[in-house]
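Everything on this sheet refers to the single structure shown next.
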Amino acid sequence: MIFSTVTSYEDEIQHALFPVEQLQVSGIAAVDVKKLKDGGMFCFSNVVLLPVILLCYGQLQAQREEIILITTGSRELDKVLEGGIETGSSTEIYGEFRCGKTQLCHTLCVTCQLLLEQGGGEGKAMYIDAEGTFRPQRLLQIADRFGLNGADVLENVAYARAYNTDHQSRLLLEAASMMIETRFALVMHLGKFLRSLQKLADEFGVAVVLLPVILSRQVCFASLMLYYYLSYCRIYHNPMSSKLVPMGFTSAGQLHAQREEIILITTGSRELDKVLEGGTETGSLTEIYGEFRCGKTQLCHTLCVTCQLPLEQGGGEGKAMYIDAEGTFRPQRLLQIADRFGLNGPDVLENVAYA
């Protein structure tokens, strides 16, 4: 009796993933359908609670045979995962700081686009970034490794920067709406909305990869309180331009074009610039922390000067804003640093707004 009951519900399961727009065929008003979508209900399975279904082993095995395993790009890691990242499941990646978690996420954004016989998922990727660590340039390098067209790879990655929990919730609703229309094989999320993400995995058969926030080290209370925010008046080449941060999804290709306009401001140290891959990025937040008297304040004073340099000298051709919570700002230091870079001291001081 159990198996016959399961068979009778097969059609309901099959139609559960149909978009809610089809409810209008049955006479449901368009305004009511819109309310369902605004509430995050995009499929029949969101609206109708299906009865509990018991599956025999054979049916469960048949379902698992439809699972796609997406290669990580590493044979050894694929062996550990018994073939790769499973679609229809959530996979959490965790580890120490700078152990390669973000690199793996970038790689999966490319490999999920490969053909099935190559270990891919023949689908697009979705990257929800809560930390600002996504770099389109990496995708181009990885695409070249796998013999894929870089521009096509970037266009097949939907990217969104998440700024708070409410924003993440809205992005997940938008993600469900996008999956109704387009085949996605992978969802990359640097956050914590496990239940909602698992729901996407169940409904759309995508592989969900989670990357929790990992602190590089334990930072003492004094270091946590020591924040210096430098806001550069000229962030982009055109000082009159106003670039709004997209609150929804955009393609990695568009993000790559935007990142080409980012200015890297030199720290005054070649070695430190190498570590920062060119300098301090405009349009980004950089935290400086370290032990007492290790040079944090000196670096902040230096940046107040170097941000005024011409672009070709590693500057930003703009002013600086220094918000001081500890009373450690010293104008005399700026004069000394200005002399090192061949700038007029009084002009440098006038271009620094202090509070």
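The opening position of the sequence shown corresponds to residue 46 in my numbering, with each subsequent residue numbered one higher.
Ideal Cβ positions, reconstructed from N, Cα and C, are used throughout, including at glycine.
In this text the structure is predicted, and so the values were computed from the model without any measurement.
Three-state secondary structure (DSSP) of T331 | coil
Worksheet entry | Test: G387 CB closer than 9 Å to a CB of chain C | Absent here is chain C; the protein component of the structure consists of one chain.
### Query
Across which residues does DSSP place E326 in a beta bridge pair?
L309
Inset, instruction - Run through the region 104–151 for me and flag every whole alpha helix (DSSP H) of 4 or more residues, listed as ranges in chain order. - result: 120–125
| Extent of the continuous alpha helix (DSSP H) to which D318 belongs | Boundaries of the alpha helix (DSSP H) harbouring D318: 315–320, taken from the DSSP string.
- request: Name the residue from C345, F294, E226, L356 whose alpha carbon lies nearest to the alpha carbon of Y172.
  value: It is F294.
Query raised in the report: On the premise that G323 lies in contact with L309, defined as a C-beta separation below 8 Å, what is that separation, rounded to the nearest angstrom?
Result: Under the criterion of beta carbons closer than 8 Å, L309 and G323 qualify as touching, at roughly 4 Å.
(request) Compare the C-alpha of P376 against each of E121, D83, L394, L159 and name the closest. (result) When each option's Cα is compared against that of P376, the closest is L394.
Item to complete: Assign C339 to buried or exposed, taking buried as 16 or more other Cβ atoms, counted over all protein chains shown, within 10 Å of its Cβ.
Response: exposed
Problem - A230 and Q158 closer than 9 Å at C-beta - result: yes
- May I ask which residues mark the beginning and end of the beta strand (DSSP E) holding M171? Per DSSP, M171 belongs to the beta strand (DSSP E) from 169–174.
Q) From what residue to what residue does the alpha helix (DSSP H) around V198 run? A) 195–200
| query | Leaving out five residues before and five after T152 in sequence, what residues of the same chain have Cβ atoms less than 6 Å from its Cβ? | reply | G118, I187
Review point. Going by other Cβ atoms of all chains shown within 10 Å of its Cβ, with 16 needed for buried, is F142 buried or exposed?
Key: exposed
Requested in this report: Whole angstroms is fine: what's the gap from K79's alpha carbon to Q148's?
Outcome: K79 and Q148: Cα-Cα distance of roughly 39 Å.
Report task. Under the assumption that Q243 contacts S314 (Cβ atoms under 8 Å), give the Cβ distance between them as a whole number of angstroms. Result -> About 46 Å separates the beta carbons of Q243 and S314, which is beyond the 8 Å limit, so they are not a contact pair.
- prompt: Helix, strand or coil: which one does DSSP assign to P355?
  reply: Three-state DSSP puts P355 in coil, outside helix and strand.
Discussion item. Contact between the region 191–198 and the region 206–216 is defined here as three or more beta-carbon pairs at a separation below 8 Å; is this criterion met?
Written reply: no
* Where L199 falls, given that 16 or more other Cβ within 10 Å makes a residue buried -> buried
Tell me, please, which residues DSSP counts as bridged to R206. D174
> Under the DSSP definition of a beta bridge, which residues are partnered with A398?
Replying inline: M366
Name the DSSP bridge partner or partners of F229? K169
Could you tell me whether the Cβ atoms of V251 and T132 are closer together than 9 Å?
yes
The alpha helix (DSSP H) with A383 in it runs from where to where? 376–385
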